[in-house]
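To convert, count from 1 in the sequence shown and add 115; that's our numbering. The C-beta atom is built at its ideal place from N, Cα and C for all residues, glycine as well. Working notes, structure below.
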Amino acid sequence: MPYTVSAILRVKKRYLKEFNKRIRQHARNSVTKEPGCISFEVGVADSDPQKFLLYEVYIDEGAFKTHTEMPFMIKHLKETAVMMDGDLELLSFWSRVISPTK
């Protein structure tokens with residue numbers, strides 16, 4: 116059953132350009148290097164360009180655990196830590212029950 120993670124974070128204004136570059140690469144790495152990562156979407160709040168939403172979907176909880184242990188993930192967290200304006204806010208971990216599509 117798919118496992119979804121959503122989180123919000125804020126980036127210091129002076130790091131926005133660099134963070135955008137790094138989060139794009141991190142999302143790309145997640146979906147191309149991890150068979151268990153179905154989707155990794157990044158959004159920016161319309162009202163606050165420093166506020167980001169991460170929406171990640173994995174094949175199961177184990178795939179998410181694998182994601183947290185990937186070398187590129189560990190490197191990303193280390194390199195972007197100074198860019199954060201506060202702590203990451205985990206909104207939820209949840210398992211999909213139904214997903215209607217057209």
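From what residue to what residue does the beta strand (DSSP E) around residue i run?
i, result
"Arg-129", "Neither: Arg-129 is in no beta strand (DSSP E) and is coded neither H nor E."
"Gly-158", "152 to 160"
"Leu-203", "No beta strand (DSSP E) contains Leu-203, which DSSP labels as neither H nor E."
"Glu-171", "163 to 173"
"Val-197", "Looking at the DSSP string, Val-197 is not in any beta strand (DSSP E), and its letter there is neither H nor E."
Thinking just about the alpha-carbon of each residue, which of the options is nearest to the one in residue i?
i, options, result
"Met-116", "Val-172, Lys-193 and Phe-187", "Val-172"
"Glu-156", "Glu-204, Ile-123, Leu-131 and Ser-162", "Ile-123"
"Thr-147", "Met-185, Lys-166 and Lys-193", "Met-185"
"Tyr-297", "His-182, Asp-200 and Gly-201", "Look at the range of the chain in this structure, 116 to 217, and you will see that residue 297 is not part of it."
"Asp-175", "His-141, Ile-153 and Leu-206", "Ile-153"
"Pro-164", "Leu-131, Gly-151 and Arg-137", "Leu-131"
"Lys-193", "Gly-151, Arg-137 and Lys-128", "Arg-137"
Can you tell me whether residue i is buried or exposed? The criterion is at least 16 other CB atoms within 10 Å of its CB, across all chains shown.
i, result
"Ile-189", "exposed"
"Ser-145", "buried"
"Glu-149", "buried"
Excluding sequence positions up to five away, which residues of its chain have a Cβ less than 7 angstroms from the Cβ of residue i?
i, result
"Phe-134", "Val-126, Thr-195 and Met-198"
"Val-120", "Glu-171, Phe-179 and Phe-208"
For the alpha helix (DSSP H) containing residue i, list its first residue and its last residue.
i, result
"Ala-178", "176 to 184"
Who are the near neighbours of residue i in its chain, counting only those whose CB is closer than 6 angstroms to its CB and skipping five residues on each side?
i, result
"Leu-168", "Ile-123 and Gly-158"
"Phe-187", "Asn-144"
Could you pull out every residue in the same chain whose Cβ sits closer than 8 angstroms to the Cβ of residue i, ignoring the five residues on either side in sequence?
i, result
"Gly-201", "Leu-124 and Arg-125"
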